[in-house]
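One line per chain: the protein sequences are W and B, in this order.
Counting from 1, one number per residue, gives the positions in the first sequence under my numbering.
Counting from 1, one number per residue, gives the positions in the second sequence under my numbering.
No residue lacks a Cβ here, since even glycine has one placed at the ideal position from N, Cα and C.
One structure is given below, encoded as structure tokens.
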Amino acid sequence: MRLRTLTFTLIASVALGLGLTYASVTHLRGMDAVRSGPWTGWPHSGTTQIDPYARAAFARSGELPLVLADGLIFLAETDDTGKPLDGRCDIRISGILPQSRVWTLSLMDETGQLVANEAQRYGFTSNEVVYRPDGGIEMVLSPRAQPGNWLPSGAKAHLKVALRLYDAPFSFSSSSGEGSVLPRIVTERCP
Amino acid sequence: MTDLLAGFRHRRTLPRTTRPQPLKTVRRTFARVGAALPEQVLLPAAFILVLGLIVHLASILAMPVLAQKSAYQRLLEIAKVNQLTLLPDVTPAGMLLPMSDPAFVTAVCPYDLSARPLRVRVPATQDYTSVSFYTARGVPFYALNDHAAGRVIELDLLSPSQRAALPEDEEITAADRLVVESPAPKGIVLIRAYARYGDLRPQVRRQLEAAGCQPST
């Protein structure tokens, strides 16, 4: 009887511990998240101060995180209101980007793969996009062709948007992430 | 004195009889919880929580060592150690390294410094070019780009012991060659070049082919 309780306790604690680890490794990209609207960045994941949770997640996924001296990545999985990005809708990304030498914005499905399309357009770069007169950007993610900066979203149910700022002059301490420095994401029309 | 105590006692006993004491109700609830969850359940539950947390922290810390599909292991499947390899372009069908930027052309050089230091030479392309360094267990420790380095990025990668053995007044430090110290003997040099338009990719790829990494003599 005692032995059975002990065995159960041990099995349960191992299951709990590994379950927590699995959940954190699949859902976290580090503990130092900097949020700005729907965007999240992890500036310390690209330095030697990378935390154990980020290291575990990257070791499992096989990703090489962007080094902070190289650039900074921001991910968005929802729009400004917190609604998950639905590829069947028209989603507008607009605003003025922080200063950087090069930026790229690319579209992925929920597993992190690029969204297949005939035009082989997986994102925009700072050199390809057509800017607004005020220097801002305006792009539309949609399964249907759109005028202007159109990113085909392939009608995927869940989308992820990655914004990468290369050689950006700002230094991102975890406290200075607030404010509307990053573009807004608005879901406009759903079929 | 006894009168005073009696007075106190009198005053304290009065409210007890009229309304239930909060402490008593708390004790009663605890007794009820204890009855529902006897010691046989409470103790193992606390044990499971504490041990589970320890297992969780230990597995998180062990993950970089135990992972079977880390970036270093993935790259060794297609690239040779101490040799530059261009990665295939990322497509919707997949990418070797997750979360790669589709606008970049990428080359890698998995390194092993146990025998000799590594010499890395990357001619800058017409656009943004960067070289970043990671240990085999995935700690990013250094990066520089073409603006910081000039027309050709040239550097020596040394292990801590090789760095310590380096004479300070040697020509190697006098020349404008950069010396980078790797915290671990094994790791990855990641070379990335930006292609501003899709049709420039073949050209950028050719320029990256001219890059190299080899053990220095």
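Write down the C-beta distance between residue i and residue j rounded to the nearest angstrom, noting that I regard them as a contact closer than 8 Å.
i	j	result
S114 of chain B	R192 of chain B	Contact doesn't hold; Cβ gap of about 26 Å is too wide.
A162 of chain W	I50 of chain W	At roughly 19 Å, the Cβ-Cβ gap does not stay under 8 Å, so A162 of chain W and I50 of chain W are not in contact.
Q207 of chain B	T125 of chain B	4 Å
P215 of chain B	E181 of chain B	That belief does not hold up - the Cβ atoms of P215 of chain B and E181 of chain B are roughly 16 Å apart, past 8 Å.
V152 of chain B	P123 of chain B	5 Å
N117 of chain W	G154 of chain W	6 Å
Y166 of chain W	R121 of chain W	Not quite, the Cβ-Cβ distance comes to about 20 Å (not below 8 Å), so this is no contact.
A211 of chain B	A107 of chain B	6 Å
L157 of chain B	Y111 of chain B	7 Å
C190 of chain W	D79 of chain W	So it is not a contact: roughly 11 Å between Cβ atoms.
S137 of chain W	L107 of chain W	Here the sequence assigns Ile to residue 137 of chain W, which means Ser is not the residue at that position. In fact, because the Cβ distance is near 14 Å, the residues do not count as touching under 8 Å.
R164 of chain W	W103 of chain W	6 Å
R29 of chain W	A56 of chain W	Actually they do not touch by this definition, with Cβ atoms about 10 Å apart.
L64 of chain W	L97 of chain B	6 Å
C213 of chain B	V120 of chain B	5 Å
Check the Cβ of residue i against every Cβ in chain B and list those closer than 9 Å, keeping chain order.
i	result
T104 of chain W	D101, P102, A103, F104 and Y194
D80 of chain W	Within chain B, no residue comes near D80 of chain W; the closest Cβ sits about 23 Å away, beyond 9 Å.
T187 of chain W	Those do not exist, as T187 of chain W stays about 23 Å from chain B at its closest Cβ, beyond 9 Å.
D86 of chain W	Simply none; closest approach about 19 Å.
List the residues of chain W that residue i touches, going by C-beta distances under 7 Å, in chain order.
i	result
P64 of chain B	R55, A56 and A59
F30 of chain B	In chain order: nothing, as chain W lies at least about 23 Å away.
D190 of chain B	Here the sequence assigns Leu to residue 190 of chain B, which means Asp is not the residue at that position. The contacting residues are L64.
A67 of chain B	A59 and R60
S132 of chain B	V67 and D70
Can you pull the chain W neighbours of residue i, defined as C-beta to C-beta under 9 Å?
i	result
L53 of chain B	S13, L16, G17 and L20
Mind pulling the chain B residues with CB within less than 7 Å of residue i?
i	result
E203 of chain W	Nothing can be reported for residue 203 of chain W, as the shown portion of chain W is limited to 1 through 191.
R101 of chain W	Y128
T9 of chain W	P44, F47 and I48
R2 of chain W	By Cβ distance, chain B contributes nothing, its closest Cβ being about 10 Å from R2 of chain W, past 7 Å.
E40 of chain W	In the sequence as presented, Glu is not what sits at residue 40 of chain W; that position holds Thr. Correct list: empty, because the minimum Cβ distance to chain B is about 14 Å.
R164 of chain W	D101
Which bits of chain B does residue i rub up against, with CB to CB less than 8 Å?
i	result
V25 of chain W	I60 and M63
D32 of chain W	Result: empty, since nearest Cβ-Cβ is about 14 Å, beyond 8 Å.
Could you tell me which chain W residues have their CB closer than 8 Å to the CB of residue i, listed as they occur along the chain?
i	result
L113 of chain B	The premise fails here: L113 of chain B is roughly 17 Å from chain W at the closest Cβ pair, so nothing lies under 8 Å.
K186 of chain B	The premise fails here: K186 of chain B is roughly 14 Å from chain W at the closest Cβ pair, so nothing lies under 8 Å.
V139 of chain B	T48, I50 and R55
S182 of chain B	Chain W residues near S182 of chain B: none, gap ~12 Å exceeds 8 Å.
Compile a chain-ordered list of the residues in the region 47–69 of chain W whose CB is closer than 7 Å to at least one CB of chain B. T47, T48, I50, P52, Y53, R55, A56, F58, A59, R60, S61, G62, E63, L64, P65, V67 and A69
Counting only runs that start and end within the region 21–104 of chain W, where is the alpha helix (DSSP H) found for 4 or more residues in a row? 52–61
Let me know the beta strand (DSSP E) ranges lying completely inside the region 95–172 of chain W, each 3 residues or longer, listed in chain order. 102–109, 123–125, 137–142, 149–152 and 159–166
Entirely enclosed beta strand (DSSP E) segments - the region 110–188 of chain B, minimum 3 residues: 118–123, 129–135, 140–145, 152–158 and 178–181
Are the region 137–149 of chain W and the region 75–95 of chain W touching, with three or more C-beta to C-beta distances below 8 Å? yes
Extract the residue ranges of the alpha helix (DSSP H) inside the region 34–81 of chain B, only unbroken runs of 4 or more that lie entirely within it. 39–66 and 71–78
Quick one: which residues of the region 144–167 of chain B get their C-beta closer than 9 Å to a C-beta of chain W? List them in chain order. L144, N145, H147 and A148
Does the count of Cβ pairs from the region 54–70 of chain B and the region 9–23 of chain W closer than 8 Å reach three? Touching, yes.
Would you check if the region 122–140 of chain B and the region 181–195 of chain B touch, i.e. whether three or more CB-CB distances between them fall below 8 Å? yes
What residues in the region 128–152 of chain W bring their beta carbon closer than 7 Å to a beta carbon of chain D? Absent here is chain D; the protein component of the structure consists of chains W and B.
When the Cβ atoms of the region 34–49 of chain W are set against those of the region 138–155 of chain B, are three or more pairs found closer than 8 Å? yes
Does the region 180–187 of chain W come close enough to the region 109–117 of chain W that 3 or more CB-CB pairs lie under 8 Å? With contact defined as three or more Cβ pairs closer than 8 Å, the region 109–117 of chain W and the region 180–187 of chain W are not in contact.
Counting only Cβ-Cβ distances shorter than 9 Å, please list the residues of the region 112–123 of chain W near chain B, keeping chain order. Per Cβ criterion, the list reads G112, Q113, L114, V115, A116, N117, Q120, R121, Y122 and G123.
Please determine if the region 24–35 of chain W and the region 55–67 of chain W are in contact, where contact requires at least 3 C-beta pairs separated by less than 8 Å. yes
Using a Cβ-Cβ cut-off of less than 9 Å, give me the residues of the region 83–100 of chain B that come near chain W, in sequence order. Residues of the region 83–100 of chain B that bring their beta carbon within less than 9 Å of a beta carbon in chain W comprise V90, T91, P92, A93, G94, M95, L96, L97, P98, M99 and S100, in sequence order.
Three or more C-beta pairs below 8 Å linking the region 65–85 of chain W and the region 127–137 of chain W: no
Note down, in chain order, all residues in the region 70–83 of chain B with a beta-carbon under 7 Å from any beta-carbon belonging to chain W. S70, A71 and R74
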